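A.B. asks:
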Amino acid sequence: MNQLSSPADTIIAVTPIVGIAIGGIVIFFWILWHHHEVKLRIRTGTYKTIKFDLKSFSLLTGLLLTGIGLMLTILFACVDGLSYVLLGGLIPLSIGICLLIFFKVNPEFKTPDDK
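All letters in the sequence shown, in the order written, are residues 12 to 126 by the numbering used here.
1) Go ahead and label Leu-43 buried or exposed: buried means 16 or more other beta carbons lie within 10 angstroms of its beta carbon, across all protein chains shown.
2) Can you tell me whether Gly-199 is buried or exposed, with buried defined as 16 or more other CB within 10 angstroms of its CB?
3) Just to confirm, are Ser-69 and Phe-114 a CB contact at a threshold of 7 Å?
4) Quick one: grab the DSSP three-state call for Lys-121.
5) What are the start and end residues of the alpha helix (DSSP H) that includes Phe-68?
6) Beta carbon of Thr-84, beta carbon of Gly-100: below 7 Å?
7) Going along the chain, which unbroken runs of the alpha helix (DSSP H) with 4 or more residues stay wholly within the segment 29-59?
8) Buried or exposed: which applies to Leu-65, given that a residue is buried once 16 or more other Cβ atoms fall within 10 Å of its Cβ?
9) Got a sec, what are the start and stop residues for the alpha helix (DSSP H) Ile-108 sits in?
10) So, are the CB atoms of Leu-141 and Leu-81 less than 7 Å apart?
Here is the structure:
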């Protein structure tokens with residue numbers, strides 16, 4: 012095995028830290044600029060609140076997490092069998108199933124035609 016040199020070790024160790032720091036800075040400035048944009052829209056009277064559609068969000072997120080979780084569970088079960096690695100697929104699968112159940116049983120989502 013080849014041993015990496017000391018500068019290479021340093022670069023490999025610092026790269027994720029720099030990436031996280033730059034990502035944090037980008038997110039900070041996006042939030043700051045969005046805040047200023049909302050303030051200006053409120054001053055000019057063009058700001059409109061957007062109602063969050065929980066019904067569509069829970070359905071879409073539930074379907075996506077169930078599909079991803081099912082595929083990961085099958086993959087991890089085939090590769091490693093029954094082990095703690097299987098949780099990597101079971102956790103999104105169970106969250107997706109719970110969101111689909113929430114979509115189905117929430118009384119606020121019922122339309123007058125539903126029974």
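We put the CB at the ideal spot given by N, CA and C, even for glycine. This one's a predicted model, so the numbers in the text were calculated from it and none came from an experiment.
C.D. replies: Judging by the given coordinates:
1) Leu-43 comes out exposed.
2) Summary: the structure shown does not reach residue 199, with the chain confined to residues 12 through 126, and so no result is reported for it.
3) A distance below 7 Å separates the beta carbons of Ser-69 and Phe-114.
4) Shown here, Lys-121 sits in coil according to DSSP, grouped into three states, outside any helix or strand.
5) Taken as a continuous stretch (DSSP letters only), the alpha helix (DSSP H) holding Phe-68 covers 65-91.
6) Going by C-beta atoms, Thr-84 is nearer than 7 Å to Gly-100.
7) As far as the segment 29-59 is concerned, it has no whole alpha helix (DSSP H) run of at least 4 residues.
8) Result: exposed.
9) Note, Ile-108: alpha helix (DSSP H), 98-116.
10) Absent from the structure is residue 141, since the part of the chain shown begins at 12 and ends at 126.
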